[in-house]
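In the numbering used here, the protein residues as written are 439 to 538.
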């Protein structure tokens, strides 16, 4: 009866193996890209409205109209992709249950 937690820990330990060097490199790259995008967007949305329109810093960023449009479009695309994926999985499961 006392082996339950130990067995669960051993099962988890088998499932979560250490990442290889390439996996770590890809992970660090994704974290780096995410940090750059976060900093860029934060400066674009929170700092640029207070900077003069003629300042050279303004030329490094997209027009402010896109500050809400781009994330909204990305959210729509991700939601549509997730919905299509879920629909495909359900359809495939439904077909396999019908044939069995």
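Heads up, the beta-carbon is just placed ideally off N, CA and C, and yes, glycines get one too.
Cα-Cα separation, residue i to residue j
{"i": "residue 492", "j": "residue 529", "result": "55 angstroms"}
{"i": "residue 483", "j": "residue 500", "result": "11 angstroms"}
{"i": "residue 512", "j": "residue 505", "result": "12 angstroms"}
{"i": "residue 463", "j": "residue 456", "result": "13 angstroms"}
{"i": "residue 520", "j": "residue 527", "result": "11 angstroms"}
{"i": "residue 532", "j": "residue 518", "result": "21 angstroms"}
{"i": "residue 485", "j": "residue 474", "result": "16 angstroms"}
{"i": "residue 525", "j": "residue 502", "result": "36 angstroms"}
{"i": "residue 466", "j": "residue 477", "result": "16 angstroms"}
Neighbourhood of residue i by C-beta distance below 6 angstroms, restricted to the same chain and skipping five residues each side
{"i": "residue 514", "result": "none"}
{"i": "residue 571", "result": "The structure shown has nothing for residue 571, since the chain only spans 439 to 538."}
Other residues of its chain near residue i: CB distance less than 8 angstroms, five sequence neighbours each side excluded
{"i": "residue 510", "result": "none"}
Sequence-distant residues of the same chain with beta carbon closer than 7 angstroms to residue i, five excluded per side
{"i": "residue 495", "result": "489"}
Residue nearest to residue i in terms of C-alpha spacing, selected from the options
{"i": "residue 479", "options": "459, 508, 522, 535", "result": "508"}
- Message: Closer than 8 angstroms is the cut-off here; do at least three beta carbon pairs connect the stretch 488 to 503 with the stretch 468 to 476?
- Response: By the C-beta criterion, the stretch 488 to 503 is judged not to be in contact with the stretch 468 to 476, since fewer than 3 inter-stretch pairs fall below 8 angstroms.
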